[in-house]
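Chains as they are written, first to last, in the working numbering: chain A, 21 to 344; chain B, 1048 to 1370; chain C, 28 to 307.
Backbone N, C-alpha and C define an ideal beta-carbon position, used for all residues, glycine too.
Please read these numbers as outputs of a predicted model, since none were measured by experiment.
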Amino acid sequence: MLLEVAELSVDLPTSGGVRRIVRSASFALDHGQTLGIVGESGSGKTMTALALMGLLPDGATTSGAILFEGRDLLKLNEAQMRDLRGDRVAMIFQEPMTALNPLHSIGRQIAEPLILHRGLSNAAAHAEAVRLLERVGLPDPVRRARAYPHQLSGGQRQRAMIAMALGCAPRLIIADEPTTALDVTVQAQILDLIADLGAQSDMALILVSHDLAVIAQNCERVLVMYGGMAMESGRTDDVLARPAHPYTKALLQARPRVGARRGERLQAIAGAAPSAGAMPKGCPFAGRCPLTIAACGEALPAPVMLGGDHMARCIRIDAAERAA
Amino acid sequence: MSEQQGGAPLLEIADLVKTYRLPRERLFGPRPQLRAVDGVSFRVTAGRSFGIVGESGSGKSTLARAAIALEWPTSGQARLMGSAMNLAPRAALRKMRAHMQMIFQDPYGSLDPRQTVARIVGEPLACLDGISRADGAARIAEALQAVGLSATDARKYPHEFSGGQRQRVAIARALITRPRLVVADEPVSALDVSIQAQVLNLMTDLQQQFGITYLLISHDLAVVEHICDEIAVMYRGRFVETGPSEILLASPAHPYTRALIDAAPKLQTARRRAPAPASDSPGPKTGCAYASRCAFAQSKCREEAPALRPLVDGRHVACHFPL
Amino acid sequence: MSDDRFFARARRNGGFVLGAILVAALIAAAALSLVWTPYPPAAIDVPHKLLEPSFAHWLGTDSLGHDVVSQLLAGARISILVGIIAVGIGLVFGVALGLVAASVGGVVEDVIMNLCDFTFAFPALLLAIMLTAVLGAGVVNAILAIGVANVPIFAKVTRALGNGVLARDYAMAARAAGKGPVAIALEHVLPNVAPALIVQATIQFAIAILAEAALSYLGLGAQPPQASWGRMLSDAQQFMFLAPRLAVFPGVAIAMAVLGLNLLGDGLRDLLDPRLRARR
């Protein structure tokens, strides 16, 4: 296994006291595999991704283990983590405009990690940067390498970000909402690019998104998060075809679909997600869930295995099956 | 688009152009112009909600704001129930505003953080004459209840609400003058999926309950189809295809409409590959604006700009070689 | 937000608490001087000049036998007066100009902002010297000069933040509701820029106190027999080596008042920041 996350919990200090943002999440990923983490705002998906990068906000505390290439990332110090970041693990952010330094040329920013981690000379690193820009499909890479971020379009900037992430041939790329800021037609191209590059070099990919459809089309396996908890996970085909958790089911039905009858009532999920300040001690979906019973609110539901690595954390799975 | 019985359509946009002057590129050079909306005409008849789909920079938001006189068109007209808004005197325009309201994308930016919900929701009423304080309070309570909030929420401030609830407050504000036309600019795209469905259901309920007609702006085809009877697809300031929603989405005639439909992520694991990367060049000065991205472009497309022309099934398409 | 939460967070902000205490002491000193000072602050008592601090004169007397404590207390009054009026002038005219510039835009905005830049080019001190040359020296003219220098500062802050507010959707929503530009400026822009203006005002208050002290030190502000910290400093100059304490006491008073106001301003900035206040 390339990556094994076991019982990861993240606590974050807020003005109202320490809050548990991620609650014992477990998942694993092997070389060349793709995993999608889907969730709404406040689900803990971004904090999970940042924990993998060792980029949690100041004051955050963690428990559990993140085994990457056999080493527990949670036990590494900042210097060891820095060696890893950009080299073995790389990240692609949502808004490339803010993730890129506006004062440095694109080429220089792509060359930087190469100089840092690979010990390349300036000239060699710059030549490599041009080659990377070509690989991510930017036309006229020599000229683009000299350009500054504001001179590129949103899609081009995201391609440049990807080139930067690819630089040191990382084993794992974490992409946090990489296409949310982009137009639909550009989004599809960027997702294709990420998928192709992953397949070419046997990189593992974690795609974090609020959009289940984006995950469905790009990831072999999916992890559905809600209220800091991994509600359901498994092969994307299985989860989409036979969603076991009431939350996953609701999420699948809530979207309007092209071709559906106009004005048809959508299966809305009543209420709102619990805020991190008011996280219940039991299942975070209890209360919004039509199948809630008293026991749901009392303890964190244990994972239930449903064949293969299809897992759901729900004590009402039987009832959910009957309701379907 | 059918003619409304007995009179003018609810909203009529006639050859509307909106240009912006950009900063000079050189000290004494001319100021370049951006044609955000480049000659758009359409009608919205009462009871048939109209959707405008397009990507960022297509000019759809500018068009929406011009449609309810929040922007002044460079040329062309926007007529509400037969009267041209850009020619109306200020007082008359203020009266007309009661018939048209707006819902914004970002429920965090669209509510003044320092005002109570009562003041926010009551703001359009405060601009109307002859509404007593008691009447106003009653209508605020009524509007809040119509969107699923309680009358006691009127005393709260926006930060006490979640994103979905804030959007309900914004919708209550748009409802309070009992408008006939509501312009909604990406009303659900800032919301979580589980909340989107609530707000979309609310919007369709209100459509039936209060006889509202929406002018909906969105990048999301599914959302537009859910609410709207007519759809227009906008690209670089122009409509490339308009028509009844079912027909347009089921068998798009314009290659750009086709590309938008194909690119939208769907809940299935297999996926059609996206077409080759589009060039980001601003496009040629002559010919079809989409020609540089179009897989079916021929030499005629680069020479002559296609006009919007009718097809037999009630659609209009601006393409020399419709699919 | 409820007031008790504001105070609960205020208590945890050490700088804010210290600033509030220092400013409260300044106001208390000024208020006290209205009803009681150990000696009349303007009373000349040459036989008892340059006394060391003692039980009769807690901080001693100056070269004309003025009681230093009495003068410091009365001086606080001038400092507050200068601060309030000079900041008041700046706020009233500056905010009005800033709101007009932001709301109207175009040529009007350019003209107002260019005028502000023009005024900026003259430091308050230079402005005061010019005003004094025309109108004669005195506290009132000093206050006027400091006030005029404050106008462009408030105008710029108001305009910049006001443009930010006008770009928000709620300002657009107000226009869609039929609100005119004046109503939008007063109902939406002003309340939303007010916190930043309050912070700016405390800082300008401190600068006004410094400026008055400087003007009085130069003989362009308070005239004898009026007590002022700046004038006390100026008088103490001749006796620097004989009685350095005469310079130290008003100096410490000025420093404490300015420090207090700056801490208060910084504290308010944190406390009024909506990002810290309303958790999303």
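Whole-angstrom distance between residue 168 (chain C) and residue 162 (chain C), CA atom to CA atom: 7 angstroms
Just to make sure I have the definition right: I need the residues of chain A whose C-beta is within less than 7 angstroms of the C-beta of residue 1209 (chain B). Which are they? 292
Check each candidate in C:293, C:150, C:276 and name the one with the smallest Cα separation from residue 97 (chain C). C:276
Any chance the segment 144-152 of chain C sits against the segment 174-183 of chain C, with 3 or more Cβ pairs inside 8 angstroms? yes
Looking at the structure shown, is residue 1285 (chain B) part of a helix, part of a strand, or coil, going by DSSP? strand
For residue 1347 (chain B), is the classification buried or exposed, using 16 other Cβ atoms within 10 angstroms of its Cβ as the cut-off for buried? exposed
Check whether the segment 120-132 of chain A and the segment 59-73 of chain A are in contact - that is, three or more C-beta pairs closer than 8 angstroms. Two segments are said to touch when three or more pairs of C-beta atoms, one from each, lie closer than 8 angstroms; by this definition the segment 120-132 of chain A does not touch the segment 59-73 of chain A.
Rounding to the nearest angstrom, what Cα-Cα distance links residue 309 (chain A) and residue 337 (chain A) in this structure? Distance between the alpha carbons of residue 309 (chain A) and residue 337 (chain A) is about 12 angstroms.
To which residues of the same chain is residue 260 (chain C) closer than 7 angstroms at the C-beta, ignoring the five residues directly before and after it? 240, 244, 274, 277, 278
For residue 137 (chain C), return the contacting residues in chain B, with the cut-off set at a CB-CB distance below 7 angstroms. Here the premise fails: no neighbours, minimum Cβ distance about 14 angstroms.
Using the three-state DSSP reduction, which class does residue 1208 (chain B) fall into: helix, strand or coil? coil
Along chain B, in chain order, which residues have C-beta atoms closer than 7 angstroms to that of residue 369 (chain A)? No statement about residue 369 (chain A) is possible, as the shown extent of chain A runs from 21 to 344 and does not include it.
Check distances from the C-beta atoms of the segment 1169-1187 of chain B to those of chain C and list, in chain order, the residues that come in under 9 angstroms. 1170, 1171, 1172, 1173, 1174, 1175
Proximity below 7 angstroms, CB of residue 1287 (chain B) to CB of residue 1365 (chain B): yes
Could you spell out where the alpha helix (DSSP H) holding residue 261 (chain C) opens and where it closes? Counting along the chain, residue 261 (chain C) sits inside the alpha helix (DSSP H) bounded by residues 256-263.
Environment of residue 328 (chain A) [buried if 16+ CB atoms lie within 10 Å]: exposed
If contact means a Cβ-Cβ distance below 7 angstroms, which residues of the segment 258-275 of chain A contact chain B? Along the segment 258-275 of chain A, the positions whose C-beta sits under 7 angstroms from a C-beta of chain B are 260, 270, 271, 272, 274, 275, read in chain order.
DSSP three-state label for residue 183 (chain C), please. helix
Using the beta-carbon of each residue, which ones in chain B are nearer than 8 angstroms to residue 219 (chain C)? For a Cβ distance threshold of 8 angstroms, residue set 1159, 1160, 1161 of chain B lies close to residue 219 (chain C), ordered along the chain.
What residues match up with residue 1148 (chain B) in a beta bridge as DSSP calls it? B:1229
Around the Cβ of residue 1359 (chain B), are there at least 16 other Cβ atoms within 10 angstroms (buried) or fewer (exposed)? exposed
Does residue 140 (chain C) come out as helix, strand or coil in the three-state DSSP assignment? helix
For residue 166 (chain A) and residue 143 (chain A), the rounded distance between their alpha carbons: 13 angstroms
By the 10 Å Cβ neighbour count, where 16 or more other Cβ atoms means buried, how is residue 1199 (chain B) classified, buried or exposed? Residue 1199 (chain B) should be labelled exposed.
Would you say residue 84 (chain C) lies against chain B (beta-carbon separation less than 7 angstroms)? no
Can the beta-carbon of residue 197 (chain C) be found closer than 7 angstroms to that of residue 1209 (chain B)? no
Name the DSSP bridge partner or partners of residue 31 (chain A)? Partner(s): A:40, A:81.
Taking the alpha-carbon of residue 181 (chain C) as reference, which of C:170, C:48, C:146 has the nearest alpha-carbon? Cα-wise, what sits closest to residue 181 (chain C) is C:146.
Residue 1200 (chain B) versus chain C: which residues are under 7 angstroms apart at the beta carbon? Those do not exist, as residue 1200 (chain B) stays about 16 angstroms from chain C at its closest Cβ, beyond 7 angstroms.
Check whether the segment 1258-1266 of chain B touches the segment 1067-1084 of chain B, counting contact only when three or more Cβ pairs, one atom from each stretch, lie closer than 8 angstroms. Judged by Cβ distances under 8 angstroms, the segment 1258-1266 of chain B makes no contact with the segment 1067-1084 of chain B, as fewer than three pairs qualify.
For residue 1151 (chain B), which residues in chain C fall below 8 angstroms Cβ to Cβ? 196, 199, 200
Strictly under 7 angstroms for the Cβ-Cβ distance: is residue 191 (chain C) near chain B by that measure? no
Under 7 angstroms from the C-beta of residue 1292 (chain B): neighbouring residues of chain A: 282
Report yes if the CB atom of residue 236 (chain C) is closer than 7 angstroms to the CB atom of residue 284 (chain C), and no otherwise. yes
Which of helix, strand or coil DSSP assigns to residue 335 (chain A): coil
Answer yes or no: does any C-beta atom of chain B fall closer than 7 angstroms to that of residue 233 (chain C)? no
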